[in-house]
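> Counting with my numbering, you get residues 2 to 173 for the letters of the sequence shown.
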Amino acid sequence: MNISIVIPTVDRVDSLDALLSTLAAQSIIPYEIIIIEQGSRASERLQEKYNTLPIHYFHVAFRSLPAARNFGVDKSTGSIVGFLDDDILLDKEYIKNIMLFFEQHPSALGVQGVITNFREGHIKKVGGNSWFYSFYNVLAKIFLLNNSSNKNKLLLLPDKPLFLILFDEVEA
């Protein structure tokens, strides 16, 4: 079982660096890590820093998250494809647990990862004020501005299982 990780990014070198550090610390390293840079080439230098990781770097001329993910899937050679946002941090057993899930459930078509630092990331996003975050969260639910859900739909690929991290605004 080979896991390909697809990471779209746009000029967020520091966030991508932090994510790559958590990928380098995995108990099982992914088969390949496909970075699709849609901005400047600043993150290309991270290939040298993480030269022990199987990174495939692509610079593209378009700016579209779905197009970048599709591009990454086209470039992937693993039997399972996973999408990670460039600003998340992974537990050191994340890849191992994904592999274990697919080994235990061979007919599964997909799995969604869990972001454990969602609240902390959002509090930071609103300026560090937990009261304001709570107020914003209530308004977001009333006016349907919040995309967090435990009932997200999974896009199925015809020939590869995949796993998703659906929140793109979480930082540690």
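C-beta atoms are modelled at their ideal positions from N, C-alpha and C, and glycine is treated no differently.
Does the distance from the CB of residue 37 to the CB of residue 61 come in under 7 Å?
Contact: yes.
> Leaving out five residues on either side along the sequence, give the residues of the same chain with a beta carbon under 8 Å from the beta carbon of residue 57.
Excluding positions up to five away in sequence, the list reads 33, 34, 35, 36 and 76.
> Determine the contact status of residue 97 and residue 29, defining contact as a CB-CB distance below 7 Å.
Yes, the Cβ-Cβ distance between residue 97 and residue 29 is below 7 Å.
> Pop quiz: residue 1 and residue 41 are said to be a contact at Cβ under 8 Å. What is the actual Cβ separation, rounded to whole angstroms?
As shown, the chain starts at 2 and ends at 173. That puts residue 1 outside it, with no answer to give.
> Straight-line CA distance for residue 78 to residue 100?
Cα to Cα, the separation comes out at about 16 Å.
> Can you list, in chain order, the residues of its chain with a C-beta nearer than 8 Å to that of residue 27? Leave out the 5 residues immediately preceding and following it.
For residue 27, where only same-chain residues beyond five positions count, the Cβ hits under 8 Å are 91, 93, 94, 95, 96 and 97.
> Are residue 10 and residue 21 touching if we call contact CB-CB under 7 Å?
No, the pair does not count as a contact, with Cβ atoms beyond the cut-off.
> Which of the three DSSP states, helix, strand or coil, is assigned to residue 63?
Correct three-state label for residue 63: coil.
> How would you write the range of the beta strand (DSSP E) that residue 33 sits in, first residue to last?
Start and end: 33–38.
> Decide if residue 140 is buried, meaning its Cβ has at least 16 other Cβ atoms within 10 Å, or exposed.
Residue 140 is exposed by the Cβ-count criterion.
> With distances taken Cα to Cα, identify the nearest neighbour of residue 39 among 25, 52 and 66.
Cα-wise, what sits closest to residue 39 is 66.
> So who's on the other strand from residue 58, going by DSSP bridges?
In the DSSP output, where bridge partners are listed per residue, residue 58 has 36.
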